[in-house]
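Peer 1: Under this note's numbering, the sequence shown is numbered contiguously, ending at residue 748. Where a beta carbon is used, it is the ideal one built from N, C-alpha and C, also for glycine. In this text, all values refer to a predicted model and were calculated from it rather than measured experimentally.
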Amino acid sequence: MHILLVASAFNSLAQRVHAELRDRGHLVAVELALAEGSLTDAVRRHAPQLVLAPMLKTAIPREVWAAYPCFVVHPGPVGDRGPSSLDWAIQEGAERWGVTVLQAVEEMDAGDVWASVTCPLPPVPKSDLYRNEIADAALAAVLLAVERFASGAYTPLRQDTSRTRPYLDQSVRRIDWYADSTETVVRKLRAADSQPGVLDTLLGEEWYLHGGHPEDVLRGAPGELLATRAGAICRATKDGAVWVPELRRRRRPGKPATFRLPAVRALGGRRPPVPRLPVLPEPGWRTWTDIRYREEGGVGFLSFSFAGGAMSTTQCRRLLDAYREACARPTSVLVLGGQRDFFCNGIHLGVIEAAEDPAAESWANINAIDDLVEAVLRTTDRLVVSALAGNAAAGGVMLALAADEVWCRSGCVLNPHYRLMGLHGSEYWTYTLPRRVGGAAADRLMSEALPMSAAGAHGLGLVDRVVDCGPQDFAAEVGRLAARLASLPGIRSRIAAKKAELDRQESVEPLSAFRERELAEMHRIFHNPAALYHELRRAFVRKEKPTRTPAYLACATGRRTGVDPVRSGSTAPGRTMP
Numbered sequence: 171m172h173i174l175l176v177a178s179a180f181n182s183l184a185q186r187v188h189a190e191l192r193d194r195g196h197l198v199a200v201e202l203a204l205a206e207g208s209l210t211d212a213v214r215r216h217a218p219q220l221v222l223a224p225m226l227k228t229a230i231p232r233e234v235w236a237a238y239p240c241f242v243v244h245p246g247p248v249g250d251r252g253p254s255s256l257d258w259a260i261q262e263g264a265e266r267w268g269v270t271v272l273q274a275v276e277e278m279d280a281g282d283v284w285a286s287v288t289c290p291l292p293p294v295p296k297s298d299l300y301r302n303e304i305a306d307a308a309l310a311a312v313l314l315a316v317e318r319f320a321s322g323a324y325t326p327l328r329q330d331t332s333r334t335r336p337y338l339d340q341s342v343r344r345i346d347w348y349a350d351s352t353e354t355v356v357r358k359l360r361a362a363d364s365q366p367g368v369l370d371t372l373l374g375e376e377w378y379l380h381g382g383h384p385e386d387v388l389r390g391a392p393g394e395l396l397a398t399r400a401g402a403i404c405r406a407t408k409d410g411a412v413w414v415p416e417l418r419r420r421r422r423p424g425k426p427a428t429f430r431l432p433a434v435r436a437l438g439g440r441r442p443p444v445p446r447l448p449v450l451p452e453p454g455w456r457t458w459t460d461i462r463y464r465e466e467g468g469v470g471f472l473s474f475s476f477a478g479g480a481m482s483t484t485q486c487r488r489l490l491d492a493y494r495e496a497c498a499r500p501t502s503v504l505v506l507g508g509q510r511d512f513f514c515n516g517i518h519l520g521v522i523e524a525a526e527d528p529a530a531e532s533w534a535n536i537n538a539i540d541d542l543v544e545a546v547l548r549t550t551d552r553l554v555v556s557a558l559a560g561n562a563a564a565g566g567v568m569l570a571l572a573a574d575e576v577w578c579r580s581g582c583v584l585n586p587h588y589r590l591m592g593l594h595g596s597e598y599w600t601y602t603l604p605r606r607v608g609g610a611a612a613d614r615l616m617s618e619a620l621p622m623s624a625a626g627a628h629g630l631g632l633v634d635r636v637v638d639c640g641p642q643d644f645a646a647e648v649g650r651l652a653a654r655l656a657s658l659p660g661i662r663s664r665i666a667a668k669k670a671e672l673d674r675q676e677s678v679e680p681l682s683a684f685r686e687r688e689l690a691e692m693h694r695i696f697h698n699p700a701a702l703y704h705e706l707r708r709a710f711v712r713k714e715k716p717t718r719t720p721a722y723l724a725c726a727t728g729r730r731t732g733v734d735p736v737r738s739g740s741t742a743p744g745r746t747m748p
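(1) With distances taken from CA atoms, which of L571, R614, L569 and R605 is nearest R589?
(2) Could you pull out every unbroken beta strand (DSSP E) segment of at least 3 residues lying fully inside the region 559-636, listed in chain order?
(3) Based on DSSP bridge pairs, tell me the residues matched to C486.
(4) So what does DSSP say about Q365, is it helix, strand or coil?
(5) Can you tell which of H188, A179 and V414 has the C-alpha that lies nearest to the C-alpha of T717?
(6) Put Y378 into one of helix, strand or coil per three-state DSSP.
(7) Would you mind working out which of R707, G626 and P720 sits nearest A189, comparing C-alpha positions?
(8) Which runs of the beta strand (DSSP E) fall wholly inside the region 261-316 and span at least 3 residues, in chain order?
(9) Quick check: what's the CA-CA separation for I661 versus L191?
(10) Could you give the uninterrupted runs of the alpha helix (DSSP H) lying entirely in the region 688-728, keeping only those of 4 residues or more?
(11) What is the C-beta distance between R435 and R418, in whole angstroms, given that I count them as a contact (C-beta under 8 Å)?
(12) Residues in its own chain within less than 7 Å of L630 by CB, not counting five upstream and five downstream?
(13) Assuming G640 and D306 are in contact, meaning their beta carbons sit under 8 Å apart, how far apart are those beta carbons, in whole angstroms?
(14) What first and last residue would you give for the beta strand (DSSP E) that runs through W455?
(15) I'd like to confirm the pairing. Which residues does DSSP put opposite R446 in its beta bridges?
(16) Rounded to a whole number of angstroms, what is the C-alpha to C-alpha distance between S580 and E385?
(17) Which residue marks the beginning of the beta strand (DSSP E) containing H383, and which one marks its end?
(18) From what residue to what residue does the beta strand (DSSP E) around W413 run?
(19) Which residues share a DSSP beta bridge with V221?
(20) To the nearest whole angstrom, what separates the beta carbons of C486 and N535, a pair I think is in contact under 8 Å?
(21) Please report the Cβ distance between A203 and V176, rounded to the nearest whole angstrom; I am assuming they are in contact, meaning their Cβ atoms lie under 8 Å.
(22) The alpha helix (DSSP H) spanning L547 covers which residue range?
(23) Counting only the same chain and skipping the five closest in sequence on each side, list residues whose C-beta sits under 7 Å from that of D638.
(24) Which residue's Cα is closest to the Cα of S208: Q219, L220, I230 and L222?
(25) State yes or no: is the C-beta of L447 within less than 8 Å of the C-beta of A391?
(26) I need the straight-line Cα distance from I173 to P445, nearest angstrom please.
(27) Taking DSSP's pairing of strands, which residues face G470 in a bridge?
(28) Would you call R494 buried or exposed, if buried means 16 or more other Cβ atoms sit within 10 Å of its Cβ?
(29) Drop a sphere of 10 angstroms on the beta-carbon of K296, count the other beta-carbons inside from all chains shown, and report buried for 16 or more, exposed for fewer.
(30) If you count every other CB in all the chains shown that lies within 10 Å of the CB of E597, and 16 or more means buried, which is it?
(31) Going straight from the alpha carbon of T731 to that of K408, what length do you get?
(32) Thinking C-beta only, is V271 closer than 8 Å to A259?
(33) Leaving out the 5 sequence neighbours to the left and right, which residues in its chain are closer than 8 Å to I539 when beta-carbon positions are compared?
(34) Go ahead and label N698 buried or exposed: buried means 16 or more other beta carbons lie within 10 angstroms of its beta carbon, across all protein chains shown.
(35) Do A362 and V356 count as a contact pair if the criterion is CB distance below 8 Å?
(36) Would you check if the distance between the CB atom of R399 and the CB atom of V449 is smaller than 8 Å?
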């Protein structure tokens, strides 16, 4: 079937729907709903059999839904309406929710129902839920709706009852540090993650707070800053405290758009002299940190979770230190990855954009992540497993490929390319990617710049194992599989063979040669003020909207396209997140 995806942005859900529909043999194209363009004319040019809106902030024009079957994905159960559906559910503490695929009509979210799937709402941030439980339910509902539509025999159901709730604005999101409990504060912060954040006054200035995690030991006067850890700040509530990893300054009239940064980095010299706590907290503490290590039997688990999946120079170095410490432990298997949500999206474009010298910070960041990837590649005394609980892109995919095995949750979306940011790429990709998929396929992945599903990546050889489970079950399933791997009788011989293969590679072409060639290209781009990378980076971190749909998306494709995404006018990277 020829399906046209209409979206306000090619975000994580739109990418997943795009990849999964292509996997199933559908011909899929994308049109962005932009203020400058005519969506009606674009749909007419495509003449699709079905229009599907996985993430749309504006109404589909009457001229479109009256002429073409149009399905809208609404992140709420049947009868729920309004633009802040998931936000309300999280802020009010709902434990279950759902996703509904509706027929587009004049009134928003009021059309007949083609499919609806329920899902749990665990206590995690909105963006995490959106990429995981909500995305799983949305995909199931989309596939069911498409199947029903293709059959020609299904009659959609009318909505008999409904509840339309207003936009959840800052007056409702506002935190009262003297009156709100820690639980309430955390819910408000999670409901606003990653957009729009919670507007608050901190140290006499207005900031949007992004992310919220409870702290169970530190205490202080409500609203007081108590400590920092790994770039986050801890702030007291009336009965406890919360960790806030990121801040975004409120935009001033006439000034450029602001963007999220690690909280300590954003505050700079305004931060009072509070204690800086160690990255690894005391055992048993219910507190936030971005890196943890634990052992079970002969398996070590090094988990990390960085906001937005990006790793700054400092974060790369801290993770490398933790990796080296983990490698000093007497384990035969080391699992690398978070327990849920993002694995990694590569270098931290926000920190780079905020730097006094973005070129120098880009160079420092790429070398820091290269050091980490090299450490994984040179680990020869144990097996390393990359466990992808969530999405990965660019250098994050290449970090995963440095391991001996790559295990990926079935709901993951992978973007193994750099082109949409105007970069050649590093992280030893010219070694690891062809080693996995072959030279021709590696070149195609880099030039297509399209998202891949976990199943698609497995079929290509990019991933060794797809773990078919829900987000909440991934960590336990990986633990079981890792324990089984460590118990296999042939593990010692496999580790020995791994060292022999690295020695052979070093004699043929050392890893340093791959790194030097890649970094030469990256240095040339970073230090060229006219390089497209600088324009694309600014547009990405400041969430500037493209003026037209990039040609590589508008081109209908089942599996492949030869369009050059950068030269065809792409102005936003493929790893746009909600």
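Peer 2: Straight from the coordinates:
(1) Closest in C-alpha terms to R589, from the list L571, R614, L569 and R605, comes R614.
(2) Qualifying beta strand (DSSP E) stretches, in chain order: 575-579 and 583-585.
(3) Beta-bridge annotation (DSSP): C486 is not paired with any residue.
(4) Under the three-state reduction of DSSP output, Q365 falls in the coil class, being neither helix nor strand.
(5) The candidate whose alpha carbon is nearest that of T717 is A179.
(6) Here Y378 carries a strand assignment [DSSP, helix/strand/coil].
(7) Cα-wise, what sits closest to A189 is G626.
(8) Counting only runs of 3 or more residues that sit fully inside the region 261-316, the beta strand (DSSP E) segments are 266-273 and 283-290, in chain order.
(9) So the two alpha carbons sit approximately 38 Å from each other.
(10) As far as the region 688-728 is concerned, its whole alpha helix (DSSP H) runs of at least 4 residues are 702-711 and 721-724.
(11) The distance from the Cβ of R435 to that of R418 is about 12 Å, inconsistent with a contact at the 8 Å cut-off.
(12) Cβ within range, chain order: V607 and A611.
(13) With 8 Å as the limit, G640 and D306 qualify as a contact, their Cβ atoms being about 7 Å apart.
(14) Premise fails: W455 is in no beta strand (DSSP E) and is neither H nor E.
(15) T398, per the DSSP bridge assignment.
(16) Straight through space, the alpha carbons of E385 and S580 are spaced by roughly 32 Å.
(17) H383 to E385 is the span of the beta strand (DSSP E), which, as asked, contains H383.
(18) Run containing W413: A411 to V414, per the beta strand (DSSP E) assignment.
(19) DSSP, once it has assigned bridges, lists L174 and C240 as partnering V221.
(20) The distance from the Cβ of C486 to that of N535 is about 7 Å, consistent with a contact at the 8 Å cut-off.
(21) At roughly 6 Å, the Cβ-Cβ gap stays under 8 Å, so A203 and V176 are in contact.
(22) In the DSSP annotation of this structure, the continuous segment of the alpha helix (DSSP H) that includes L547 starts and ends at P528 to L547.
(23) Result list for D638: S580, in chain order.
(24) It is I230 whose Cα lies nearest to the Cα of S208.
(25) Not in contact: L447 and A391 (Cβ atoms no closer than 8 Å).
(26) Looking at the two C-alpha atoms, the distance is approximately 55 Å.
(27) E465 and L504.
(28) Sixteen is the threshold: since fewer than 16 other Cβ atoms of the shown chains lie within 10 Å of the Cβ of R494, the residue is exposed.
(29) K296 is buried by the Cβ-count criterion.
(30) Buried, because 16 or more other Cβ atoms sit within 10 Å of the Cβ of E597.
(31) Residue placement at T731 cannot be trusted, given a pLDDT of 38 that sits under 50; the coordinates are not used to answer.
(32) In this structure, V271 does not lie closer than 8 Å to A259 by Cβ.
(33) Only residues of its own chain outside the window of five on either side were considered, and among them M481, C486, G516, I517, G565, L569, S596 and E597 have a CB closer than 8 Å to the CB of I539, listed in chain order.
(34) The C-beta of N698 has fewer than 16 other C-beta atoms within 10 Å across all chains shown, which makes the residue exposed.
(35) In terms of Cβ geometry, V356 and A362 do not form a close pair [threshold 8 Å].
(36) The answer is yes: Cβ separation under 8 Å.
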